[in-house]
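Undergrad: So that you can map any letter, position 182 of the sequence shown is 548 in the working numbering, and since no number is skipped, the others follow by simple counting. No residue lacks a Cβ here, since even glycine has one placed at the ideal position from N, Cα and C. Quick one: the structure is below, questions incoming.
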Amino acid sequence: MQVGNALTDDYHDHLGVFQFLWSAGMISDQTYKQLNDACDSVSFIHPSKACIRYLEIADQEVGRIDPYSAFTPPCTPNISQSTQLLKRRRVIGTVREKYDPCTEKHSTAYFNRPEVQEALHVPAELAPSKWTTCNDVINEHWNDSPSSVLDVYKELIAAGLRIWVYSGDTDTVIPVTSTRYSIDALKLPTVKPWRAWYDDGEVGGWTQEYDGLTFVAVRGAGHEVPLHKPKLALTLAKSFLAGSSMPAAALELVSDS
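Below, the structure written as structure tokens:
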């Protein structure tokens with residue numbers, strides 16, 4: 367089983383988001399403290415009013431970036447992005463050779479075409495229906511989201527299921543820090559310590575192997591690893607399917623001459 371940049375545990379997910387934004391220099395010390403105080407032990411999907419208030423302040427401080435890929439140019443929007451953190455649960459896009467920050471915009475245009483809706487058998491009485499990548503009405507009424515799936519991981523590990531958890535390290539939605547906090551909460555023994563992994567002689571990311579779980583960070587990837595770094599994602603998939611560790615660097619012999 368592979369899981370990428372996924373919600374795992376509300377407490378640790380929040381903790382990791384705020385630390386990532388602060389350590390990357392995107393939010394102030396004061397906002398970092400206020401987020402940790404107001405959003406401690408609240409739902410990630412349905413935060414409290416106090417938490418929402420400071421999420422909005424954080425949005426203003428972060429500015430107009432692509433929250434799914436913090437260090438690449440964002441799509442030029444037609445609408446305000448002031449609620450990006452509050453709507454950070456969207457997962458959309460298609461695989462391209464180079465990351466396109468406007469995949470959401472393209473998807474919206476495509477699925478609102480009459481011929482596409484006809485091909486998808488949208489009932490005639492409902493056509494044309496406005497298609498959006500994330501339905502706020504559904505999101506606001508989604509009340510059965512668990513606050514944590516750490517116990518599920520424990521059950522799956524105990525059952526012997528091979529689990530790889532990977533994380534793009536430029537994602538602010540569910541950042542690498544959130545994933546690492548959640549894995550740490552499982553308190554799994556380390557089998558192979560933290561190290562860099564390589565692709566064509568270059569660092570592709572970092573990995574650590576635990577008893578029952580392997581963690582892989584993918585360098586330069588955002589929220590959807592195959593969308594941002596398809597070649598590195600392929601290396602990840604091949605290693606998983608082969609039942610092997612992520613590739614290590616070839617040893618070079620250096621002579622004193």
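1) For Ile393, which option in Thr499, Val428 and Leu381 has the closest C-alpha, if you only look at C-alpha atoms?
2) Cα-Cα, which of Lys558, Trp563 and Val591 is closest to Tyr576?
3) At what residues does the beta strand (DSSP E) containing Gly534 begin and finish?
4) Taking DSSP as the reference, what is the three-state secondary structure of Lys471?
5) Would you kindly check if the distance between the Cβ of Ser548 and the Cβ of Leu593 is under 8 Å?
6) Using the beta-carbon count (16 or more within 10 Å), is Phe384 buried or exposed?
7) Just the Cα atoms here: how many angstroms apart are Tyr564 and Ile529?
8) By how many angstroms is the C-alpha of Thr438 removed from the C-alpha of Val591?
9) For the alpha helix (DSSP H) containing Phe606, name the first residue and the last one.
10) Determine the closest residue to Met612 out of Gln574, Ala475 and Ser389, with distance taken between C-alpha atoms.
11) Given a cut-off of 8 Å on the beta-carbon distance, is the pair Ile411 and Ser511 in contact?
12) Could you name the residues of the same chain whose beta carbon sits closer than 6 Å to that of Trp388, not counting the 5 residues immediately before and after it, in chain order?
TA: A quick look at the data gives this:
1) Val428
2) Lys558
3) Ile529 to Gly534
4) helix
5) no
6) buried
7) 21 Å
8) 14 Å
9) Pro596 to Ala608
10) Gln574
11) yes
12) Tyr398
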